[in-house]
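Participant: Following this message is one structure expressed as structure tokens.
In the numbering used here, the protein residues as written are 781 to 864.
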């Protein structure tokens, strides 16, 4: 009787350990998946930050060219007005 109860208890503990191991394995896989997603998101953010810097530099260059074009147009207009 006692032996049967102990055998049953051992089997219950073994089942619990197997279930716990399955849960741990699932949690490890989920963690690995989330870590991959996090790394991909970090890489995407770094890429977007780099693109933002490039776009900001391009905007400054365009602004500088626009100012020069505006000055050129102003000078051309003044030259035309003087020759009239």
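For glycine and all other residues, C-beta sits at the position ideal for the given N, C-alpha and C.
Given the structure is predicted, the values throughout are model-derived calculations rather than measurements.
Check residue 785 in the structure and name its three-state DSSP category.
Facilitator: The residue labelled residue 785 in the question sits at position 5 within the chain shown. Looking at residue 785 - three-state DSSP - the assignment turns out to be helix.
Participant: Could you give the DSSP three-state label for residue 792: helix, strand or coil?
Facilitator: Residue mapping note: residue 792 aligns to position 12 of the chain shown, counting from 1. Three-state result, residue 792: helix.
Participant: With DSSP run on the structure shown, which of helix, strand or coil describes residue 847?
Facilitator: Taking the first residue of the chain shown as position 1, residue 847 is located at position 67. Helix, per DSSP.
Participant: Work out the CA separation of residue 823 and residue 786 for me, nearest whole Å.
Facilitator: If you number the chain shown from 1, residue 786 lands on position 6. If you number the chain shown from 1, residue 823 lands on position 43. Rounded to the nearest angstrom, the two C-alpha atoms are 55 Å apart.
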